[in-house]
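Chemist: Please find one structure pasted underneath; my questions will follow.
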Amino acid sequence: MTKVLSAVAWPYANGPRHIGHVAGFGVPSDVFSRYMRMAGHDVLMVSGSDEHGTPILIAADEAGLTPQQLADRNHRLIVEDLVGLGLSYDMYTRTTTRNHHAVVQEMFRGVHENGYFVEQTTYGAISPSTGRTLPDRYIEGTCPLCGTPGARGDQCDACGNQLDPHDLVDPVSRINGEKPEFVETRHFFLDLPALAEALGEWLDERDASGTWRPNVIKFSKNILSEIRPRAMTRDIDWGIAVPLEGWVDNPTKKLYVWFDAVIGYLSASIEWARRTGDPEAWRQWWNDPEALSYYFMGKDNITFHSQIWPAEMLAYNGQGSRGGSQHEYGVLNLPTEVVSSEFLTMEGRKFSSSKKVVIYVADLLSRYQADAFRYFVAAAGPENQDSDFSWSEFVQRTNSELVAGWGNLVSRTATLVAKNFGEIPSAGDLTDADRAVLEACRAAFDEVGDNIGRNRMRHAITAAMRTVAEVNKYVTDSEPWKIKDDPDRLATVLHVMTQCVQDLNTLLSPFLPFTANEVDRALGGAGDVQPLPRIEEADDLDGGPGYPVITGDYSTIRPWGSLPVVVGTPVSKPAPVFTKLDPALVDDELARLGL
RNA sequence: GGGGCGGUAGCUCAGCCGGUCAGAGCAGAGGACUCAUAAUCCUUGGGUCGUGGGUUCGAGCCCCACCCGCCCUACCA
């Protein structure tokens, strides 16, 4: 029994999430977490909504709301999306809680006291009317290199060159069109070079484990060679106050959103512990060197999880080249593994909310089964390379693999049992074929479990579905519908079938938690294979406004392995568990997308 | 410009440390069967493994060059 922290990327609360987001971090992390619980580990799965930063400020302005109001609205939408997908967080919270603010400030103070912040003066753009920093990408003007108008401050799309916004000809703010003012400003920079050696040692050690995806470890090592100090404060009025004399009351200086967002893994763990009534419980996952931690995200976040966040922890722990002392949270564990997925595209193009090339989670869930989507992502998602979601592929995989392969096996098994016995019959003497198929199901637990544990979801589900096909073959070969005068043999075949279906259901349940419970009921069970998350309206622990969180009790999850069926359990003819999709919906959905 | 990933049957993709590696699923064709959401099962796959060189007894798998697609390289998160 190992402590396993499942740290899931924090969705940015500037709008609802689309299926590309949840394909990258949501489904894979949930499959992993459910499996690890089944395998007997103590899993703590945490995440939350990331609510600070410039884009939310801008979105709020556009919507005529305060940033907090916008964040409130989007946090709730995101919570509903994630629960709808069955993602089994122990604590899904947000970054505007008082608890999070306090944890972030403690981390800042620890890093500061250990000497890993350097103050530097930089030269940047601000909006004269608001005093806010104008990030490079929010400035546009004529490219000084190719003369194309409309170039962004960071890069010219026309000639592809990277730019300094100060070099733009006639720069204007993309937010309100005003001319930006370039001013000097003081900021705290995280002294990453002073942490580079420790980061390198950590990465070498992780590399030696051989478990990271090759591109993630390579990329992480590569960016280490160009490491330089990075600003951790911003000229902005939306964020967490800098907890230092002379800064804390400054309304226009806040912590950089990424400094605070990654600390969410820790603050959410602490919040979870405080809510369970054992406020120190989180330390088992963070301070015990034996504990494991897996971080799930899309590839655009690798930098923050294999460099910034470990660097923050090393600095807080006092483990960089400047040394330092320990603080309230003790020595924090660095990530065991950074599990990054690639990107999901949509009908061959990139997701783009502004261009309406997008499928929102809520829309998908309003028309299709969550498990059908989860299956698609596990079987064809962007695990090691970009992959494409197309409606025709979704329909095809759902119909031929989930409905015709797995769903049909469940259906024919339950129907035969119901018709012939009305309950699960006991087995007589087993033939070689009986033993072989039972053994195939039992053996699948090792292969599927091993692959899930290594985050090879495509391999895992492929192996599971191959076993489904083996059982279907066994059924066809055994022809139980033709056994008329040998009740013992009939009972034996149906018993074996039922046992196989139950094993396969357990095997597939991390991928398909909703339908796993339905399949269990179809076999006369209680439908409690996979516990589901729930939304809870929580009070802020420190007197702030309340907010919805996702949590759940997953202690009753079914153990990983074959569980003998209970002879005599009543079984009736089942209703279909999986919904077969009409191919005509492909055109409907494409029309919806304007394609 | 620098770094990384990918280019394998119509489609989606497996192929670990080089030697049954030329494969699976889907689609298509033919057949069997009828318990099942017309589902299942069997048979059927000659694709120069992006291109051109090289290393080797032997290369999708190693090296070099090139072509194509994508990602990272941001004071966006």
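Just remember that our numbering sits 1372 ahead of the position in the first sequence, which is counted from 1. Virtual Cβ for every residue (Gly too), placed ideally from N, Cα, C.
Which two residues bound the contiguous alpha helix (DSSP H) that contains Gly1387?
Modeler: Run containing Gly1387: none; DSSP gives neither H nor E here.
Chemist: Using CA coordinates, which residue listed in Asp1912, Gly1916 and Lys1952 is at the minimum distance from Asn1771?
Modeler: Cα-wise, what sits closest to Asn1771 is Lys1952.
Chemist: Looking at Gly1412: is its Cβ nearer than 7 angstroms to the Cβ of Met1373?
Modeler: Yes. Within cutoff.
Chemist: Closest to Asp1539 by CA distance: which of Ile1929, Thr1839, Thr1514 and Ser1726 is it?
Modeler: The residue with the shortest Cα to Cα distance from Asp1539 is Thr1514.
Chemist: Alpha carbon to alpha carbon, how far is Ile1511 from Val1483? Give it in angstroms, no decimals.
Modeler: Taking the straight line from one Cα to the other gives about 32 angstroms.
Chemist: Quick check on Glu1643: buried or exposed, where buried means 16 or more other Cβ atoms within 10 Å of its Cβ?
Modeler: By the 10 Å Cβ count, Glu1643 comes out buried.
Chemist: Only counting runs of 4 or more residues, tell me where the alpha helix (DSSP H) segments fall wholly within the stretch 1597-1684, in order along the chain.
Modeler: For the stretch 1597-1684, whole alpha helix (DSSP H) runs of length 4 or above, ordered along the chain, are 1629-1648 and 1655-1658.
Chemist: If you follow the beta strand (DSSP E) that Lys1375 is in, where does it begin and where does it stop?
Modeler: Where Lys1375 is concerned, the enclosing beta strand (DSSP E) stretches over Lys1375 to Val1380.
Chemist: Going straight from the alpha carbon of Trp1932 to that of Ala1815, what length do you get?
Modeler: Using only the alpha carbons, I get a separation of about 12 angstroms.
Chemist: Within 10 angstroms of the Cβ of Lys1625, are there 16 or more other Cβ atoms? Answer buried if so, exposed if not.
Modeler: Lys1625 is buried by the Cβ-count criterion.
Chemist: With C-beta atoms as the reference, is Gly1720 less than 7 angstroms away from Asp1760?
Modeler: Contact: yes.
Chemist: Going along the chain, which residues of its own chain have a beta-carbon closer than 6 angstroms to the beta-carbon of Thr1864, five neighbours each way excluded?
Modeler: If we look at Thr1864 and ignore the five residues flanking it on each side, its Cβ neighbours are Ala1799 and Gly1800.
Chemist: Ordered along the chain, which non-local residues of its own chain (more than five positions away) have a Cβ less than 7 angstroms from that of Pro1507?
Modeler: Result list for Pro1507: Thr1426, in chain order.
Chemist: Identify which residue in Ile1599, Pro1500 and Leu1562 has its Cα closest to the Cα of Phe1489.
Modeler: When each option's Cα is compared against that of Phe1489, the closest is Leu1562.
Chemist: According to the Cβ coordinates, are Gly1636 and Thr1469 closer than 7 angstroms?
Modeler: Against a cut-off of 7 angstroms, the Cβ pair of Thr1469 and Gly1636 comes out as no contact.
Chemist: How long is the line joining the alpha carbons of Arg1646 and Val1733, rounded to whole angstroms?
Modeler: Going from the Cα of Arg1646 to the Cα of Val1733 covers about 31 angstroms.
Chemist: The alpha helix (DSSP H) that contains Ile1833, what's its start and end?
Modeler: Residues Met1829 to Ser1850.
Chemist: Please report the distance separating the alpha-carbon of Asp1462 from that of Thr1839.
Modeler: So the two alpha carbons sit approximately 32 angstroms from each other.
Chemist: Which one or two residues does DSSP pair with Gly1549 in a beta bridge?
Modeler: DSSP lists no partner for Gly1549.
Chemist: Buried or exposed: where does Pro1543 fall if 16 or more other Cβ atoms within 10 Å of its Cβ makes it buried?
Modeler: Under this definition Pro1543 is a buried residue.
Chemist: Buried or exposed for Gly1794, please, with buried defined as at least 16 other CB atoms from any protein chain shown within 10 angstroms of its CB.
Modeler: Gly1794 is exposed by the Cβ-count criterion.
Chemist: Report the residue from Tyr1464, Arg1606, Glu1577 and Asp1875 whose alpha carbon sits nearest the alpha carbon of Phe1631.
Modeler: It is Arg1606 whose Cα lies nearest to the Cα of Phe1631.
Chemist: Can you give me the C-alpha to C-alpha distance between Gln1656 and Trp1853, rounded to a whole angstrom?
Modeler: Taking the straight line joining both Cα atoms gives about 55 angstroms.
Chemist: Could I get the ranges of all uninterrupted alpha helix (DSSP H) runs contained in the stretch 1882-1937, with 4 residues as the minimum, in chain order?
Modeler: Listed in chain order, they are 1885-1894.
Chemist: Glu1434 by DSSP, collapsed to three states: which one?
Modeler: Looking at Glu1434 - three-state DSSP - the assignment turns out to be helix.
Chemist: Judging by CA-CA distance, which residue of Leu1564, Glu1434 and Pro1859 is the nearest neighbour of Ala1683?
Modeler: It is Leu1564.
Chemist: When the Cα atoms are used, what is the spatial distance from Arg1389 to Glu1811?
Modeler: Rounded to the nearest angstrom, the two C-alpha atoms are 42 angstroms apart.
Chemist: Helix or strand or just coil, what does DSSP make of Asp1542?
Modeler: DSSP places Asp1542 in strand when its eight states are reduced to three.
Chemist: How far does the beta strand (DSSP E) with Asp1414 in it reach, from first residue to last?
Modeler: Here the beta strand (DSSP E) through Asp1414 covers Asp1414 to Ser1421.
Chemist: Specify, as a first and last residue, the run of the alpha helix (DSSP H) that Asp1462 falls within.
Modeler: Unbroken run through Asp1462: none, as it is neither H nor E.
Chemist: According to the neighbour-count rule (16 or more other Cβ atoms, all chains shown, within 10 Å of its Cβ), is Glu1773 buried or exposed?
Modeler: Under this definition Glu1773 is a buried residue.
Chemist: Check for me: the alpha helix (DSSP H) holding Phe1817 runs from which residue to which?
Modeler: Per DSSP, Phe1817 belongs to the alpha helix (DSSP H) from Asp1804 to Gly1825.
Chemist: Going by DSSP, which residues form a beta bridge with Ala1947?
Modeler: Ala1947 pairs with nothing; no bridge assigned.
Chemist: To the nearest angstrom, how far is the alpha carbon of Ser1597 from that of Asn1587?
Modeler: Cα to Cα, the separation comes out at about 16 angstroms.
Chemist: In angstroms with no decimal places, state the Cα-to-Cα distance between Ser1713 and Asp1672.
Modeler: Going from the Cα of Ser1713 to the Cα of Asp1672 covers about 9 angstroms.
Chemist: Rounded to the nearest angstrom, what separates Glu1434 and Ser1501 at their Cα positions?
Modeler: Answer to the nearest angstrom: the Cα atoms are 16 angstroms apart.
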